[in-house]
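Novice: Handing you this structure, nothing more for now.
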Amino acid sequence: MSITTDTAAHPALETLRERMLGAAAIGSSASVLHWDQETKMPPEGVEPRGRQLAALARIYHEQVTSAEVGDLISECEACNDLMADETSDAAATIRRLRTDYDRETCIPVDLVEEEATLGSQAQHNWAEARRNADFSQFQPWLEKVVALLRRKADCYGWAEGGEPWDALADGYEPGCTAAWVESVFTPLRSRLQTLLQRIQGSTTPPSNDFNEVRLPIDAQEAFVREVAEAIGFDFRRGRMDVSTHPFCTGFHPRDVRITTRFHEDNVNDALGSTMHECGHAIYEQGLRQDEAGLPLGSAVSLGIHESQSRLWENQVGRSRQFWQWCRPVLVKHFGDAVAGFDVDTLYRSVNIVRPDFIRVEADEATYNMHIMIRFELERALMTGDLNVADVPDAWAQRYRDYLDIEVPDDARGCLQDVHWSMVSMGYFPTYTLGNLYSAQFFDAATREIPNLEDGFADGEFDRLRSWLNEKIHRQGRRYLPADLCEVVTGAPLCADHLMSYLEGKYGEIYGL
Ligand code: ZN
Numbered sequence: 023m024s025i026t027t028d029t030a031a032h033p034a035l036e037t038l039r040e041r042m043l044g045a046a047a048i049g050s051s052a053s054v055l056h057w058d059q060e061t062k063m064p065p066e067g068v069e070p071r072g073r074q075l076a077a078l079a080r081i082y083h084e085q086v087t088s089a090e091v092g093d094l095i096s097e098c099e100a101c102n103d104l105m106a107d108e109t110s111d112a113a114a115t116i117r118r119l120r121t122d123y124d125r126e127t128c129i130p131v132d133l134v135e136e137e138a139t140l141g142s143q144a145q146h147n148w149a150e151a152r153r154n155a156d157f158s159q160f161q162p163w164l165e166k167v168v169a170l171l172r173r174k175a176d177c178y179g180w181a182e183g184g185e186p187w188d189a190l191a192d193g194y195e196p197g198c199t200a201a202w203v204e205s206v207f208t209p210l211r212s213r214l215q216t217l218l219q220r221i222q223g224s225t226t227p228p229s230n231d232f233n234e235v236r237l238p239i240d241a242q243e244a245f246v247r248e249v250a251e252a253i254g255f256d257f258r259r260g261r262m263d264v265s266t267h268p269f270c271t272g273f274h275p276r277d278v279r280i281t282t283r284f285h286e287d288n289v290n291d292a293l294g295s296t297m298h299e300c301g302h303a304i305y306e307q308g309l310r311q312d313e314a315g316l317p318l319g320s321a322v323s324l325g326i327h328e329s330q331s332r333l334w335e336n337q338v339g340r341s342r343q344f345w346q347w348c349r350p351v352l353v354k355h356f357g358d359a360v361a362g363f364d365v366d367t368l369y370r371s372v373n374i375v376r377p378d379f380i381r382v383e384a385d386e387a388t389y390n391m392h393i394m395i396r397f398e399l400e401r402a403l404m405t406g407d408l409n410v411a412d413v414p415d416a417w418a419q420r421y422r423d424y425l426d427i428e429v430p431d432d433a434r435g436c437l438q439d440v441h442w443s444m445v446s447m448g449y450f451p452t453y454t455l456g457n458l459y460s461a462q463f464f465d466a467a468t469r470e471i472p473n474l475e476d477g478f479a480d481g482e483f484d485r486l487r488s489w490l491n492e493k494i495h496r497q498g499r500r501y502l503p504a505d506l507c508e509v510v511t512g513a514p515l516c517a518d519h520l521m522s523y524l525e526g527k528y529g530e531i532y533g534l
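Quick note: the sequence shown, position 327, residue 349 per the numbering used here, numbers continuous.
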């Protein structure tokens, strides 16, 4: 571990860094066990694995909330040398450690344990209720979840003029409030609704034929591996495996794992999932190694993380120039089965818009509607404006209003997502924030890198990756996410970039 000269003379900061590295090692060990659970572990291993993870979680919590850590942070804060230059690495590190410490320590240990127990029970009952498509089975558990989250929000507190939801969201997206999310989402919703109506009225929708071609799994695997390598996933510092729900987990910038999934009749799903997780992984592999496990070597928020995955999946992977490069790669792996599809057909096929009930299968245009619905409902649950018993009706009404579809049952309605059963609210908007950030970052990259998109046609992805690395990955948690956006793009987050991108692309594809 190399320490910059301004910290070496400060034993309190040295010791604090050592303590945090120790805690980070426990945290990343738990991540290894999680990864193993999702990819390799036999089904009977669930129960002992739960005990292993609980033991590590307890040790982690004890370490990061210890009185010693609190004292070390105070000692650093009192040192003018360390704090005088606000922009120094040391000052930025100490500021973030203070925020983390205060947040972790304001929750009583009893509540932490209660939450863990409720989480496993609620998740079990949610899975059962979803199998039976019966919300009434989950309702008492969701009531307990909402009650516990209100208590948790009370412990954290929120700024004046704010609301309980803010306290929860802050854990995923520091600085994020419901009022701010609403101010960004409102113009997005109205422009999206107009766009969706125009798309549905189109007389020249793309053909779905390519998406239904059956292609052997082993060839799909070789194909997505080649794409992953081309866009910059470093296999010497990472692995790719298979899991039901694709994910990325980084133990250290030198060991980042992604998973993907394969269906014979949907190569596009494997490609999209792989590029998405590669985007997360390129962020994790691009973090500062000399600060790994510390604030400046950590990802800043879920929203910014999602911006990196969405950018590679959508702005790159669903662009015409990408398909100019990708078509020969596709033909190399699948031969005659795909040789009849030209670049234009492939490009159009991966950009089909179709309103549906299921969030995780949604296209770029409708996806954000699914998120807005969840945001509005969980916000109202937290303030008490919505009763848990009324969730299915409120859910169905919004799907009618926003996507003009009739929810067929609770399984394909308000029981489809695992998040609430994991005692988690405030998480959903980070998906749409990620989409908004990705479009705004990509616009900035396009302004700063000459002929960026044309380069994709020649497989030139390095310039974009280096730009993201310098502007975003290597900043770690130096800035709050909203501030990082201003630093990188010169403007606060707004819906214009995403909407211009979607309107331009679909306008052309659907002949609007
Ligand atoms: Zn993601």
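Note that the Cβ used here is the ideal one computed from N, Cα and C, for glycine as well.
Since this is a predicted model, take the numbers as computed values, not measurements.
Would you mind working out which of D176, D122, W57, H83 sits nearest V134, comparing C-alpha positions?
Specialist: Along the sequence shown, one-based indexing puts residue 134 at 112. The option with the nearest alpha carbon to V134 is H83.
Novice: Report yes or no: do the stretch 124 to 140 and the stretch 165 to 173 share at least 3 C-beta pairs separated by less than 8 Å?
Specialist: yes
Novice: If you run the structure through DSSP and keep just helix, strand and coil, what is D263?
Specialist: Here residue 263 corresponds to residue number 241 of the sequence shown, with the count starting at 1. D263: strand per DSSP, three-state reduction.
Novice: Count the other CB atoms, across all protein chains shown, that sit within 10 Å of the CB of V68; report buried if there are 16 or more and exposed otherwise.
Specialist: Residue mapping note: residue 68 aligns to position 46 of the sequence shown, counting from 1. That one is exposed.
Novice: Closer than 8 Å to a non-hydrogen atom of ligand 1 - does that hold for the CB of E383?
Specialist: As a position in the sequence shown, residue 383 is number 361, starting the count at 1. Not a single heavy atom of ligand 1 lies less than 8 Å from the C-beta of E383.
Novice: Provide the residue(s) that pair with H274 in DSSP beta bridges, ordered along the chain.
Specialist: Translated into the one-based positions of the sequence shown, residue 274 becomes position 252. Within the DSSP secondary-structure output, H274 pairs in a beta bridge with D277.
Novice: Counting only runs that start and end within the stretch 163 to 249, where is the alpha helix (DSSP H) found for 4 or more residues in a row?
Specialist: 186 to 191, 200 to 222
Novice: For L534, is the classification buried or exposed, using 16 other Cβ atoms within 10 angstroms of its Cβ as the cut-off for buried?
Specialist: Working through the sequence shown from its first residue, we reach residue 534 at position 512. Exposed, by the Cβ-count rule.
Novice: Is any heavy atom in ligand 1 found nearer than 8 Å to the beta carbon of H302?
Specialist: Walking along the sequence shown from the start, residue 302 turns up at place 280. H302 Cβ: within cutoff of ligand 1.
Novice: Just how far apart, CA to CA, sit F356 and N288?
Specialist: Position 334 of the sequence shown, counting from 1, holds the residue named residue 356. Position 266 of the sequence shown, counting from 1, holds the residue named residue 288. Rounded to whole angstroms, F356 to N288 spans 13 Å at the Cα level.
Novice: Assuming contact is defined by CB atoms lying nearer than 9 Å, are S265 and H298 in contact in what I supplied?
Specialist: To locate residue 265, count along the sequence shown from 1; it is residue 243. To locate residue 298, count along the sequence shown from 1; it is residue 276. Result no, Cβ atoms of S265 and H298 do not sit closer than 9 Å.
Novice: Does at least one heavy atom of ligand 3 sit under 8 Å from the Cβ of S331?
Specialist: Only ligand 1 can be found as ligands here, which leaves ligand 3 out of the picture.
Novice: Looking only at its own chain, which residues have a Cβ that is under 7 Å from the Cβ of F363, when we skip the five neighbours before and after it?
Specialist: Within the sequence shown, the letter at position 341 stands for residue 363. Correct list, in chain order: F232.
Novice: Measuring only the C-alpha atoms, how far is C270 from R279?
Specialist: Within the sequence shown, the letter at position 248 stands for residue 270. Within the sequence shown, the letter at position 257 stands for residue 279. Going from the Cα of C270 to the Cα of R279 covers about 6 Å.
Novice: Taking the alpha helix (DSSP H) that I48 falls in, what are its first and last residues?
Specialist: Residue numbering aside, residue 48 sits at position 26 when the sequence shown is read from its first letter. I48 -> alpha helix (DSSP H) spans 33 to 61.
Novice: Does ligand 1 have a heavy atom nearer than 8 Å to the CB of E328?
Specialist: Indexing the sequence shown from 1 puts residue 328 at position 306. Correct: E328 has its Cβ closer than 8 Å to ligand 1.
Novice: Can A517 and G197 be called in contact, C-beta distance under 9 Å?
Specialist: Locating residue 517 in the sequence shown gives position 495, where the first residue counts as 1. Locating residue 197 in the sequence shown gives position 175, where the first residue counts as 1. No, the Cβ-Cβ distance between A517 and G197 is not below 9 Å.
Novice: Tell me the DSSP secondary structure of A314 in three-state form.
Specialist: Counting from one through the sequence shown, the residue named residue 314 turns up at place 292. Looking at A314 - three-state DSSP - the assignment turns out to be strand.
Novice: Along the alpha helix (DSSP H) that carries P268, what are the first and last residues, could you check?
Specialist: Stepping through the sequence shown from its first residue, residue 268 is reached at position 246. Note, P268: premise wrong, no alpha helix (DSSP H); not H, not E.
Novice: Can you tell me where the alpha helix (DSSP H) holding R342 begins and where it ends?
Specialist: Here residue 342 refers to the residue found at position 320 when the sequence shown is read from its first residue. It spans 342 to 356 - the alpha helix (DSSP H) in which R342 sits, taken as one unbroken run.
Novice: Quick test of your reading: A228 and R41, contact by CB under 8 Å. State the CB separation rounded to the nearest angstrom.
Specialist: By one-based count along the sequence shown, residue 228 stands at place 206. By one-based count along the sequence shown, residue 41 stands at place 19. According to the sequence shown, residue 228 is Pro rather than Ala. With a Cβ gap of about 55 Å, P228 and R41 do not count as contacting.
Novice: Which first and last residues belong to the alpha helix (DSSP H) in which D124 is found?
Specialist: For this step, residue 124 is matched to residue 102 along the sequence shown. Following the DSSP letters along the chain, one finds D124 inside the alpha helix (DSSP H) bounded by residues 111 to 127.
Novice: Starting from T296 and walking both ways along the alpha helix (DSSP H), at which residues does that stretch end?
Specialist: If you number the sequence shown from 1, residue 296 lands on position 274. Here the alpha helix (DSSP H) through T296 covers 289 to 308.
Novice: Let's test the definition: count the other Cβ atoms within 10 Å of the Cβ of Q222 and tell me whether it reaches 16, buried, or not, exposed.
Specialist: Residue numbering aside, residue 222 sits at position 200 when the sequence shown is read from its first letter. Flag for Q222 reads exposed.
Novice: Out of curiosity, what's the CA-to-CA distance linking C507 and R80?
Specialist: Here residue 507 is taken as the residue at index 485 of the sequence shown, counted from 1. Here residue 80 is taken as the residue at index 58 of the sequence shown, counted from 1. Each residue's Cα considered, the two are about 35 Å apart.
Novice: Is the closest heavy atom of ligand 1 to the C-beta of G456 under 8 Å?
Specialist: If you number the sequence shown from 1, residue 456 lands on position 434. Checking the Cβ of G456 against ligand 1 gives yes.
Novice: Are the beta-carbon atoms of A46 and R500 separated by less than 9 Å?
Specialist: Numbered from its first residue, the sequence shown carries residue 46 at position 24. Numbered from its first residue, the sequence shown carries residue 500 at position 478. Result no, Cβ atoms of A46 and R500 do not sit closer than 9 Å.
Novice: Would you report the Cα separation of H392 and E386, rounded to the nearest angstrom?
Specialist: Here residue 392 corresponds to residue number 370 of the sequence shown, with the count starting at 1. Here residue 386 corresponds to residue number 364 of the sequence shown, with the count starting at 1. Approximately 11 Å, taken between the alpha carbons.
Novice: With a threshold of 8 Å on Cβ separation, who are the neighbours of A52 within its own chain once the five nearest residues in sequence on each side are excluded?
Specialist: On the sequence shown, residue 52 is found 30 positions in, with the first residue counted as 1. Hits under 8 Å: L75, L78, A79, Y82.
Novice: Should E386 be listed as close to ligand 1, given that the test is whether its C-beta is under 8 Å from any heavy atom?
Specialist: Taking the sequence shown and counting its residues from 1, the one referred to as residue 386 is at position 364. The answer is no for E386.
Novice: Between L324 and T452, which are expected to be in contact by the criterion C-beta below 8 Å, what is the C-beta distance as a whole number of angstroms?
Specialist: One-based indexing of the sequence shown puts residue 324 at position 302. One-based indexing of the sequence shown puts residue 452 at position 430. Going by Cβ atoms, the distance from L324 to T452 rounds to 4 Å, so yes, they are a contact pair.
Novice: Relative to the C-alpha of N290, which residue among G49, C300, V246 is closest?
Specialist: Stepping through the sequence shown from its first residue, residue 290 is reached at position 268. With distances taken between Cα atoms, N290 lies closest to V246.
Novice: Are F344 and V353 close, meaning C-beta to C-beta below 9 Å?
Specialist: Counting from one through the sequence shown, the residue named residue 344 turns up at place 322. Counting from one through the sequence shown, the residue named residue 353 turns up at place 331. Result no, Cβ atoms of F344 and V353 do not sit closer than 9 Å.
Novice: State yes or no: is the C-beta of T520 within less than 9 Å of the C-beta of L210?
Specialist: The residue given as residue 520 occupies position 498 in the sequence shown. The residue given as residue 210 occupies position 188 in the sequence shown. A small fix is needed here, since residue 520 is Leu in this sequence, not Thr. Yes, Cβ-Cβ distance for L520 and L210 is below 9 Å.
Novice: Just reading off the alpha helix (DSSP H) that E335 is part of, what are its end residues?
Specialist: Position 313 of the sequence shown, counted from the first residue, corresponds to residue 335. Premise fails: E335 is in no alpha helix (DSSP H) and is neither H nor E.
Novice: Quick one: does the C-beta of C270 sit closer than 8 Å to a heavy atom of ligand 1?
Specialist: Working through the sequence shown from its first residue, we reach residue 270 at position 248. Yes, ligand 1 has a heavy atom inside 8 Å of this Cβ.
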